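Novice: Chains as they are written, first to last, in the working numbering: chain X, 8 to 345; chain U, 15 to 319.
Even glycine gets a Cβ: it sits at the ideal position worked out from N, Cα and C.
If you're wondering where the values come from, they're calculated on a predicted model, not measured in any experiment.
Here it is, the structure, as structure tokens.
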Amino acid sequence: MGRFLFRRAAAAAAVLLGTTVVTFVLARVVPADPALAYLGPKARPEQIAQIHHQLGLDRSLPVQYAHYLGGLVRGDWGISIGTKQPVASELFGRLPATLELLAAAMTIALVLGIALGVIAAVRQQRLVDHVIRMLAIGGVSMPAFWLGLLLQVTVFGQLGLFALTGRNDPDLEFTDPIRDITGFHLLDALLTGNAAGFTDTLTHLVLPALTLAAYPIGVIARMTRASMIEVLAADHIRAARAYGLRERMTVGRIALRGALPPVVTVAGLTLAYSLTGAFFVEVVFNWPGLGQFASTALLNADYPAIMGVTVLGAAAYILVNLAVDIVQARLDPRVRLA
Amino acid sequence: MTLLAATTGPADAVRTADTPAPTRLRRIVTALLRDRLALLGVVLVGALLVLAVFGPWLAPFPDQGRGVADVAHRNLAPGTGGHLLGTDPLGRDVLSRIIIGARPALLTPLLTVALAVAVGVPLGLLAGYRGGRLDEVVMRIADMFLAFPPLLLAMVIAAMLGPSLMHAGIALAIAWWPWYTRLARGLAAGLRDRPFVDGARALGLSDPVILARHLLPNAAAPIVVQASIDIGTVILASGSLAFLGLAAQAPTPDWGLMVSDGRSYVLSQWWLSALPGTAIFLAVLAFNVLGDALRDILDPRAVTR
Numbered sequence: 008m009g010r011f012l013f014r015r016a017a018a019a020a021a022v023l024l025g026t027t028v029v030t031f032v033l034a035r036v037v038p039a040d041p042a043l044a045y046l047g048p049k050a051r052p053e054q055i056a057q058i059h060h061q062l063g064l065d066r067s068l069p070v071q072y073a074h075y076l077g078g079l080v081r082g083d084w085g086i087s088i089g090t091k092q093p094v095a096s097e098l099f100g101r102l103p104a105t106l107e108l109l110a111a112a113m114t115i116a117l118v119l120g121i122a123l124g125v126i127a128a129v130r131q132q133r134l135v136d137h138v139i140r141m142l143a144i145g146g147v148s149m150p151a152f153w154l155g156l157l158l159q160v161t162v163f164g165q166l167g168l169f170a171l172t173g174r175n176d177p178d179l180e181f182t183d184p185i186r187d188i189t190g191f192h193l194l195d196a197l198l199t200g201n202a203a204g205f206t207d208t209l210t211h212l213v214l215p216a217l218t219l220a221a222y223p224i225g226v227i228a229r230m231t232r233a234s235m236i237e238v239l240a241a242d243h244i245r246a247a248r249a250y251g252l253r254e255r256m257t258v259g260r261i262a263l264r265g266a267l268p269p270v271v272t273v274a275g276l277t278l279a280y281s282l283t284g285a286f287f288v289e290v291v292f293n294w295p296g297l298g299q300f301a302s303t304a305l306l307n308a309d310y311p312a313i314m315g316v317t318v319l320g321a322a323a324y325i326l327v328n329l330a331v332d333i334v335q336a337r338l339d340p341r342v343r344l345a
Numbered sequence: 015m016t017l018l019a020a021t022t023g024p025a026d027a028v029r030t031a032d033t034p035a036p037t038r039l040r041r042i043v044t045a046l047l048r049d050r051l052a053l054l055g056v057v058l059v060g061a062l063l064v065l066a067v068f069g070p071w072l073a074p075f076p077d078q079g080r081g082v083a084d085v086a087h088r089n090l091a092p093g094t095g096g097h098l099l100g101t102d103p104l105g106r107d108v109l110s111r112i113i114i115g116a117r118p119a120l121l122t123p124l125l126t127v128a129l130a131v132a133v134g135v136p137l138g139l140l141a142g143y144r145g146g147r148l149d150e151v152v153m154r155i156a157d158m159f160l161a162f163p164p165l166l167l168a169m170v171i172a173a174m175l176g177p178s179l180m181h182a183g184i185a186l187a188i189a190w191w192p193w194y195t196r197l198a199r200g201l202a203a204g205l206r207d208r209p210f211v212d213g214a215r216a217l218g219l220s221d222p223v224i225l226a227r228h229l230l231p232n233a234a235a236p237i238v239v240q241a242s243i244d245i246g247t248v249i250l251a252s253g254s255l256a257f258l259g260l261a262a263q264a265p266t267p268d269w270g271l272m273v274s275d276g277r278s279y280v281l282s283q284w285w286l287s288a289l290p291g292t293a294i295f296l297a298v299l300a301f302n303v304l305g306d307a308l309r310d311i312l313d314p315r316a317v318t319r
């Protein structure tokens with residue numbers, strides 16, 4: 008296991024280094040001059056030259072790359088053109104909001120996805136199974152921004168439930184401010200016994216989390232169903248039934264345990280996918296996370312911010328994939344010996 | 015040709031000699047029509063193709079569909095004034111815009127996937143077949159691209175090239191080609207040492223001929239399945255780029271752009287966003303269902319039902 012871990016971690020580090028090369032090249036092949044973005048169109052040539060010198064753009068590409076890489080490691084990710092703030096603090100300041108949304112969505116997706124998958128597998132080829140399969144393939148086909156808008160129209164607009172946009176009611180700042188401990192508002196409100204803050208956070212979290220969960224629910228339900236069907240046909244399940252074990256015990260405990268490894272894998276992969284999905288949910292629900300910052304940066308050609316988002320996104324993606332590999336290796340010895 | 019005919023897949027091998035052999039295509043079509051869900055996919059894809067080809071003749075208000083305003087009939091609810099799906103704040107018929115928008119919505123992903131396949135598959139086949147240094151170099155480059163979430167990479171490239179439909183398509187193709195390289199490489203590496211490839215080599219055939227005539231036909235099924243599922247994914251991705259404003263620009267009738275434009279009116283005029291979004295959803299659903307069914311038919315090992 009130790010050797011396997013080392014090999015995988017080294018490979019992940021190499022790939023991460025590769026992504027910084029891609030990001031750097033992408034930012035250098037664009038036609039626009041970053042100095043103009045800082046100075047505006049009326050800049051004088053000597054001002055442009057000065058900015059070029061400050062940014063190191065007058066040096067050779069390998070030197071520039073080394074400089075860029077050094078900055079990344081030291082936490083100097085450049086200054087956002089849009090907000091004039093350091094990119095690293097902008098990104099890491101918004102990270103908890105995005106992580107809270109992701110965590111809520113994945114919790115919903117795991118519970119609902121596995122439950123739906125098990126029900127479909129047990130009732131294979133019955134009506135419930137067909138309905139769940141339709142729901143699952145619908146879930147993976149839905150644009151998140153569309154589902155979010157539909158929920159806003161129906162659940163908030165028609166039924167008046169939950170909140171339309173944002174992470175908290177603006178008034179909460181004055182009545183029951185949430186003290187920052189973990190950056191997860193739900194958890195912080197719970198830890199400080201802030202009931203009003205907890206309810207307010209929850210009402211704001213439900214719709215965006217459900218929206219983001221649609222895709223992973225579909226994927227997890229499909230994989231759970233397929234995996235359960237395979238396991239339920241295995242000899243040890245027949246033996247358990249022959250011993251007269253109760254069906255709930257057989258399905259819920261014995262079969263589900265055997266069916267979980269591939270489910271864990273796809274859950275990890277959809278988590279990686281949802282990192283990008285969160286961008287769109289954040290835009291629709293005005294959620295103050297990474298995605299909102301990123302979409303503004305993308306539209307305004309804010310290169311330092313875009314490069315920062317890209318590297319952070321790739322790093323998160325690589326880490327999640329690494330974690331999936333490790334979990335898989337723990338669950339299945341064949342993976343780590345291969 | 016005999017070498018090739020002997021290796022067209024396991025399904026042909028079980029055929030008995032006295033039954034007339036159905037063609038591969040006919041077998042696929044019958045299987046698709048038998049499965050109700052797959053049938054839904056076929057019907058939806060067919061309807062989309064009809065809209066994409068004949069849209070300008072089918073749309074009730076083709077000029078408005080293309081972006082001409084009609085300020086006398088602004089913000090009409092669905093079903094009023096002869097506008098089945100209502101009108102937008104510029105008085106344009108929503109149904110016409112959705113119908114006219116079908117062509118770019120379908121054509122962009124089709125061309126994108128075609129480009130990704132055209133670049134990715136030959137590279138992957140070559141890497142898997144030759145092995146060694148070439149394999150190393152190609153796959154390490156592919157790995158660098160595979161390390162990004164594909165949609166994020168496409169968004170970043172589209173933003174850096176400058177927002178337009180063309181750039182969005184290029185960005186999506188850049189994000190998607192390495193997936194085909196990896197798939198084709200694995201398939202080619204598995205086929206490389208099979209006797210029929212050795213035979214082709216012994217006959218003195220050149221590498222391009224072996225790749226095109228002997229490896230590609232045997233690797234085609236998984237690639238076709240992947241491509242048909244990817245068309246759905248890329249429709250979703252290009253709709254997402256458009257929604258962020260990184261693809262087509264106003265007044266082009268683009269589904270993703272329409273959803274985004276309608277967002278400010280979501281609580282008063284839900285149809286402006288919801289209906290073009292439904293079009294994206296149905297298009298993605300159609301290709302996902304079809305891709306799933308194709309996988310079940312072409313890949314007997316896959317456990318999905």
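Chain U beta carbons: is any one of them nearer than 7 Å to that of proline 150(X)?
Specialist: yes
Novice: Do alanine 336(X) and phenylalanine 11(X) count as a contact pair if the criterion is CB distance below 7 Å?
Specialist: yes
Novice: If you run the structure through DSSP and keep just helix, strand and coil, what is isoleucine 58(X)?
Specialist: helix
Novice: Beta-carbon within less than 6 Å of alanine 220(X)'s beta-carbon, same chain only, minus the 5 sequence neighbours each way: which residues are those?
Specialist: Here the set comprises Ala112, Ile115, Ala116.
Novice: Quick one: list the residues of chain U neighbouring serine 302(X), beta-carbon separation under 7 Å, in chain order.
Specialist: Leu258
Novice: Compute the beta-carbon to beta-carbon distance between glycine 100(U) and alanine 91(U), rounded to the nearest angstrom, for a pair I have assumed lies under 8 Å.
Specialist: Taking 8 Å as the upper bound for CB-CB distance, glycine 100(U) and alanine 91(U) are in contact here, some 5 Å apart.
Novice: Classify proline 93(X) as helix, strand or coil using the three-state DSSP reduction.
Specialist: strand
Novice: Against chain X, does glycine 291(U) count as a neighbour if the rule is that its beta carbon must be under 7 Å from one of theirs?
Specialist: It does: the Cβ of glycine 291(U) has a partner Cβ on chain X nearer than 7 Å.
Novice: Can you give me the C-alpha to C-alpha distance between arginine 319(U) and glutamate 237(X), rounded to a whole angstrom?
Specialist: Legend: pLDDT at arginine 319(U) = 34, less than 50; position of this residue unreliable, value from coordinates given subsequently. Near 10 Å, if we compare the C-alpha coordinates of glutamate 237(X) and arginine 319(U).
Novice: Specify, as a first and last residue, the run of the alpha helix (DSSP H) that serine 281(X) falls within.
Specialist: 263 to 292
Novice: Can you find a CB in chain X that lies within less than 7 Å of the CB of isoleucine 311(U)?
Specialist: By this cut-off, isoleucine 311(U) is not an interface position.
Novice: Kindly indicate the opening and closing residues of the alpha helix (DSSP H) around valine 67(U).
Specialist: 50 to 72
Novice: Quick one: what does DSSP say isoleucine 86(X) is sitting in, helix, strand or coil?
Specialist: strand
Novice: Show which residues of chain X have a CB atom less than 7 Å away from the CB atom of aspartate 102(U).
Specialist: The contacting residues do not exist; aspartate 102(U) stays about 15 Å from chain X at best.
Novice: Would a C-beta distance cut-off of 7 Å place arginine 106(U) and glutamine 78(U) closer than the cut-off?
Specialist: yes
Novice: Does chain U have any CB closer than 7 Å to the CB of glutamine 159(X)?
Specialist: Yes, glutamine 159(X) counts as interfacial toward chain U.
Novice: Just checking: is the beta-carbon of proline 311(X) within a distance shorter than 7 Å of some beta-carbon in chain U?
Specialist: no
Novice: CA-CA distance, aspartate 149(U) and alanine 198(U)?
Specialist: 12 Å
Novice: Do we get a CB-CB distance below 7 Å when we pair alanine 20(U) with the residues of chain X?
Specialist: Interpretation of alanine 20(U) is limited by its pLDDT of 36, a score under 50 that renders its predicted location unreliable; no figure is taken from the coordinates.
Novice: Considering only DSSP beta bridges, list what threonine 101(U) is partnered with.
Specialist: Asp107(U)
Novice: Short check: CB of alanine 185(U) to CB of alanine 161(U), under 7 Å?
Specialist: no
Novice: Mapping DSSP to helix, strand and coil, what is threonine 94(U)?
Specialist: strand
Novice: Check phenylalanine 162(U) in the structure and name its three-state DSSP category.
Specialist: Reduced to three states, the DSSP call for phenylalanine 162(U) is coil.
Novice: Is serine 242(U) near leucine 304(U), with beta carbons less than 7 Å apart?
Specialist: yes
Novice: To the nearest angstrom, how far is the alpha carbon of alanine 128(X) from that of histidine 137(X)?
Specialist: 11 Å
Novice: Can you say whether serine 282(U) is buried or exposed, counting buried as having 16 or more other CB atoms within 10 angstroms of its CB?
Specialist: exposed
Novice: Counting only the same chain and skipping the five closest in sequence on each side, list residues whose C-beta sits under 8 Å from that of isoleucine 185(X).
Specialist: Asn175, Leu179, His192, Asp195, Ala196, Thr199, Asn201, Gly204, Thr208
Novice: If the criterion is Cβ atoms closer than 7 Å, does the pair isoleucine 311(U) and alanine 45(U) meet it?
Specialist: yes
Novice: Count the C-beta pairs between the segment 249 to 256 of chain X and the segment 63 to 83 of chain X that are closer than 8 Å, then say yes if the count reaches three, no if not.
Specialist: no
Novice: Suppose you measure from the CA of leucine 171(X) to the CA of alanine 285(X); what does that come to, to the nearest Å?
Specialist: 16 Å
Novice: Please report how far the alpha carbon of leucine 250(U) lies from the alpha carbon of alanine 34(X), in whole angstroms.
Specialist: 26 Å
Novice: Shortest alpha-carbon distance to leucine 62(U) belongs to which of Gly93(U), Arg117(U), Arg206(U)?
Specialist: Measuring from the Cα of leucine 62(U), the nearest candidate turns out to be Arg117(U).
Novice: Taking the runs of the alpha helix (DSSP H) that are 4 residues or longer, which of them lie wholly in the segment 243 to 280 of chain U?
Specialist: 269 to 275
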